[in-house]
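Numbering (numbering that gives the first Met the number 0), first residue to last: 0 to 271.
Note that CB positions come from ideal geometry on N, CA and C, so glycine has one too.
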Amino acid sequence: MLTRAITGFIFILTIIAGIYFNEIIAMSLFSLIVLIGLDEFNGLVKKSKVIKPISFWGTLTGFSLMIILCLIALDISPVKFIFIPIIMIFITFLIELYRTNQNPFLNIAYTLLGLSYIVIPFAMLFHLGFYVADGFTNEYSFQIILGFFIMLWTNDTGAYLAGRFFGKHKLFERISPNKTWEGSVGGGLLTIIAAYILSIFFTNLDLTNWIVIAILVAIFGGLGDLVESMLKRSLNIKDSGNILPGHGGILDRFDGLLISIPFIYSYLYLIS
């Protein structure tokens with residue numbers, strides 16, 4: 000328990016510090032998380048007896064995509080550089096052509112899955128640092144990114160407490176037998192309260208938009224947790240890794256983010 004508490008404190012402090020100071024540190028932090036996450040994802044898939052992803056190339060391609068997308072958001076790299084990781088994606092097919100493993104397209108699919116599952120959400124999250132009031136700008140602000148993490152952590156905490164004390168009706172027993180409807184509702188209500196408090200101090204969004212994001216976090220953050228549980232069950236493993244003592248792996252800590260961020264980003268983009 001002590002190890003878990005210490006790890007959690009350091010983890011949260013690192014995330015907050017990385018987001019708060021400036022865009023370069025935030026980019027470096029998210030890129031490092033993506034790099035570790037891709038390596039962890041490929042390591043999980045390798046545990047399957049029938050899937051053999053092109054681990055190094057998949058990780059290199061995903062990391063390159065993350066860096067290019069971040070540099071475009073920083074207005075350092077021209078948009079046309081996106082063709083570098085796109086070409087790398089299609090080289091994946093050619094590499095598999097020369098391998099002698101079975102299930103070549105299954106190998107390709109899992110090699111590239113990490114790009115959509117891990118890279119795209121974190122690239123979107125970084126880009127949200129440039130969203131102010133009603134549109135994207137060239138000025139970085141930590142408010143929306145930090146606000147998102149606060150709501151995500153609040154939702155997890157509220158769901159755990161509500162589920163523990165009031166949980167009776169299973170939410171998705173086939174995938175995660177411990178999750179309940181009462182926990183999900185409790186997490187959602189606490190997240191909406193957090194959104195109201197955030198709207199007072201973080202003015203990059205108004206109250207209505209903070210509440211909409213809170214609802215998206217409550218819905219898709221919980222579903223993201225289930226998706227990662229589904230992945231682990233399909234591979235017959237408990238934790239995605241052990242890089243965070245007492246908390247599992249990178250994918251275990253960011254599962255809610257990976258599914259919820261695309262919906263939040265899409266919402267803010269559509270209203271801008």
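- By the 16-neighbour rule on beta-carbons within 10 angstroms, GLN101 is exposed.
- Taking C-beta atoms as the reference points, ASN235 and LYS46 count as a pair closer than 9 Å.
- Per the coordinates, the alpha-carbon of MET229 lies some 23 Å from the alpha-carbon of ILE214.
- A residue is called buried once 16 or more other Cβ atoms fall within 10 Å of its Cβ, and SER233, having fewer, is exposed.
- Around the beta carbon of LEU96, fewer than 16 other beta carbons lie within 10 angstroms, which makes this residue exposed.
- Nearest to GLY36 by alpha-carbon distance, out of ILE249, ILE270, LEU256 and TYR266, is ILE249.
- Of the residues TYR195, ILE199 and ASP155, the one whose Cα lies closest to the Cα of LYS178 is ASP155.
- Considered as a whole, the segment 96-164 harbours 103-113 and 119-126 as its complete alpha helix (DSSP H) runs of no fewer than 4 residues, in chain order.
- With distances taken between CA atoms, ALA158 lies nearest to GLY186 out of GLY186, LYS79, CYS69 and THR202.
- The straight-line gap separating the alpha-carbon atoms of HIS168 and GLU181 is approximately 7 Å.
- 9 Å or more divides the Cβ of ILE53 from the Cβ of LEU68.
- Around the beta carbon of PHE29, 16 or more other beta carbons sit within 10 angstroms, so the residue counts as buried.
- Assigned with DSSP and collapsed to three states, GLY36 falls in helix.
- Taking the Cβ atoms as the reference, ALA193 lies roughly 19 Å from GLY128, outside the contact range of under 8 Å.
- The beta carbons of LEU204 and ALA132 sit closer together than 9 Å.
- In this structure, LEU145 lies near PHE201, with their beta-carbon atoms less than 9 Å apart.
- Spatial neighbours of THR190 in its own chain (CB-CB distance under 7 Å, excluding positions within 5 residues in sequence) are listed in chain order as MET150, THR153, ASN154, GLY157, ALA213, VAL216 and ALA217.
- In the structure shown, PRO52 falls within a coil segment according to DSSP collapsed to helix, strand and coil.
- Per the C-alpha coordinates, the member of SER271, GLY247 and THR13 positioned closest to THR2 is GLY247.
- Residue environment: SER115 is assigned as exposed (fewer than 16 neighbouring CB atoms within 10 Å of its CB, all protein chains considered).
- Looking at PRO120, VAL211 and LEU160, the one whose alpha-carbon comes closest to that of GLY223 is PRO120.
- Going by C-alpha positions, SER259 is about 21 Å away from GLY7.
- Secondary-structure assignment with DSSP links THR179 through a beta bridge to LYS169.
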